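Below: one structure, written as C-alpha cells.
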Amino acid sequence: MIVFFGDSLTYGYKIENKSKCWPFLLAKTLGHDFVNLSISGATINTMHAEQYVPFFQSDNYPNVTLFIVMIGTNNVAKGSLTSQIDTLLLMMRNLRRIAPVLLIDIPPVNPSVFGNGMLMNWCDACNELNEGVDERFEETDELHKILRTSLKQILLLSKAKAFMADGIHWSEECQPIVARALEYDLQSFKNK
Numbered sequence: 014m015i016v017f018f019g020d021s022l023t024y025g026y027k028i029e030n031k032s033k034c035w036p037f038l039l040a041k042t043l044g045h046d047f048v049n050l051s052i053s054g055a056t057i058n059t060m061h062a063e064q065y066v067p068f069f070q071s072d073n074y075p076n077v078t079l080f081i082v083m084i085g086t087n088n089v090a091k092g093s094l095t096s097q098i099d100t101l102l103l104m105m106r107n108l109r110r111i112a113p114v115l116l117i118d119i120p121p122v123n124p125s126v127f128g129n130g131m132l133m134n135w136c137d138a139c140n141e142l143n144e145g146v147d148e149r150f151e152e153t154d155e156l157h158k159i160l161r162t163s164l165k166q167i168l169l170l171s172k173a174k175a176f177m178a179d180g181i182h183w184s185e186e187c188q189p190i191v192a193r194a195l196e197y198d199l200q201s202f203k204n205k
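According to this note's numbering, the sequence shown is numbered sequentially starting from 14.
Spelled out as C-alpha cells, the structure:
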C-alpha cells in the first residue's frame, strides 16, 4: 500500500473525479492499493497534526510499502518556512523506519500568471525550504535514506496547460504527466 501525505496538489484540488488525480494514477500504474491522506491548505505543521499523527494512531501501517510526501506550498504562500523543517524531518525519519519515503520538492508555479517580482519571491522561498531540508538531512546523515525528486522540469516543459487559472494547482491534463514522471523517478531509484 502507498500512503500519500500532502496539501491540495496531492489531494487533487478542484478535480471532481479523484480517479484522475496523480496519486490514484501512480498507485494504479504501480499496482498498489493506496490511501491519500492529503488535505487542501495543509502546511508542514498541519500535515503533522491532521494526517501523520492520526495515521500512526490508527495502526494501519503494517502493509505500507511506500510513503509519498509533497508539502510546503502553503508554507511558501504563508511565509512559514524554516521554522517547520524540523517537524518535516522528524516525520521523514519516523516514516522511513516503516517503508521507503519519496519526498517531492515544492513544485514551481505558472510563470505567466505570476508577475516577475512575485515569481522571484516564490522561487526564492521554494529554494530556501528545499535547501533547508537538504542542510538538515546532511547534518543528521539521513539524506541517503530518503528518496528526493523534483517536478520542476516536467511542469515547466508542459507550460501553461499544466496549471489551473490560479497558476499553482495542476490541471486534470497535468495529472497523468505528474504520475508518469514520478513512476519514472521511482524506477530510477529502484535501479540504483
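Backbone N, C-alpha and C define an ideal beta-carbon position, used for all residues, glycine too. Note that the coordinates shown come from a computational prediction; the quantities given were computed from them, not determined experimentally.
Straight-line CA distance for residue i to residue j?
i      : j      : result
Asp198 : Gln64  : 25 Å
Gln188 : Lys33  : 7 Å
Phe193 : Leu39  : The amino acid at residue 193 is misidentified as Phe; the sequence shows Arg. Approximately 7 Å between the Cα atoms of the pair.
Val89  : Cys139 : 7 Å
Asn24  : Glu141 : The displayed chain sequence assigns Tyr, not Asn, to residue 24. Their backbone Cα atoms lie some 24 Å apart in a straight line.
Asp137 : Gln97  : 17 Å
Asn107 : Leu195 : 22 Å
Pro120 : Asp72  : 31 Å
Ala175 : Met104 : 30 Å
Met177 : Glu185 : 9 Å
Ser30  : Val16  : This sequence places Asn at residue 30; Ser is not what is there. Rounded to whole angstroms, Asn30 to Val16 spans 19 Å at the Cα level.
Glu144 : Asn58  : 18 Å
Ile190 : Pro36  : 11 Å
Tyr74  : Trp183 : 29 Å
Asp99  : Gln200 : 29 Å
Lys41  : Asn76  : 16 Å
Leu43  : Arg109 : 20 Å
Lys91  : Val66  : 23 Å
Tyr26  : Asp179 : 11 Å
Leu156 : Phe47  : A caution first: Leu156 carries a pLDDT of 49, below 50, which makes its placement in the model too unreliable to give a value.
Any idea what DSSP makes of residue i, helix, strand or coil?
i      : result
Leu50  : coil
Gly19  : strand
Ile28  : coil
Thr56  : coil
Leu43  : helix
Leu160 : strand
Ala194 : helix
Can you tell me the Cβ-Cβ gap for residue i and residue j, rounded? I've got them flagged as a contact below 8 Å.
i      : j      : result
Phe69  : Leu50  : Not really, about 11 Å apart at Cβ, beyond 8 Å.
Thr56  : Ile117 : Not a contact, Cβ separation roughly 16 Å.
Val225 : Leu79  : Only positions 14 to 205 of the chain appear in this structure, which leaves residue 225 out of reach.
Ile28  : Val122 : About 18 Å separates the two Cβ atoms, so there is no contact after all.
Met14  : His61  : No, Met14 and His61 are not in contact; Cβ-Cβ is about 21 Å, not under 8 Å.
Leu160 : Phe202 : 5 Å
- Task: Report the residue ranges of all beta strand (DSSP E) runs contained in full by the region 65-117; include only those spanning at least 3 residues, in chain order.
- Result: Within the region 65-117, the runs of beta strand (DSSP E) that reach at least 3 residues and sit entirely inside it are, in chain order, 79-83 and 114-117.
- the region 110-125 touching the region 45-61, judged by at least three CB pairs closer than 8 Å: no
Point to revise | Touching by the beta-carbon criterion (3+ pairs, under 8 Å), the region 14-32 and the region 74-88 | key: yes
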